[in-house]
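Note that this note's numbering has the sequence shown beginning at 184, numbered continuously upward.
Idealized CB from N, CA, C, for every residue including glycine.
Remarks on the structure that follows.
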Amino acid sequence: MPSMYVNVPRLEQETKNTLVAKLYDAAAPVLKAPHIYTFVNEYETLYENGQPAPQKMVVANIEAGPIKEEKVNAIAEGMRAAVREVLGEDKDLTLVFHDNGLDRIAIGGVTIATKMKK
């Protein structure tokens, strides 16, 4: 089951809800997962090279099973478009995709690989 960790500037709850829904809409069809849990971390100050920077960046980390690079690119493109649609054209997205093998993901205390062997 994939999960997303999204770092965003402090947002109004309605804006945050809209953004997360659109990020999900961009990732779900490519990942083909029945559920994606999203964790949102809001930051007060963004730092670049050790100095306060303009609040123009959203960073998303996705942990999911292996997929081809072109699919990761499709997710990144869709999620970047979602960020710009909701937060403005001056915002951008950095996506970090963690390609986890099935044997390294555990749900309910048991790895997926173990569950698949049963």
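Determine which residues share a DSSP beta bridge with residue i and list them.
i, result
"N232", "DSSP, once it has assigned bridges, lists no residue as partnering N232."
"E197", "Per DSSP, none; premise fails for E197."
"E246", "S186 and H281"
"L276", "V241"
"E225", "V191"
Are the Cβ atoms of residue i and residue j separated by less than 8 Å?
i, j, result
"N224", "M187", "no"
"D275", "V266", "yes"
"A247", "P192", "no"
"V189", "T221", "yes"
"L278", "I250", "no"
"F280", "V255", "yes"
"L202", "L270", "yes"
With DSSP as the reference, label residue i as helix, strand or coil.
i, result
"I258", "helix"
"D208", "helix"
"N190", "strand"
"M299", "helix"
"A289", "strand"
"A216", "coil"
Would you decide whether residue i is buried or exposed? Buried here means 16 or more other CB atoms lie within 10 Å of its CB.
i, result
"A204", "exposed"
"A210", "buried"
"I290", "exposed"
"R263", "buried"
"G284", "exposed"
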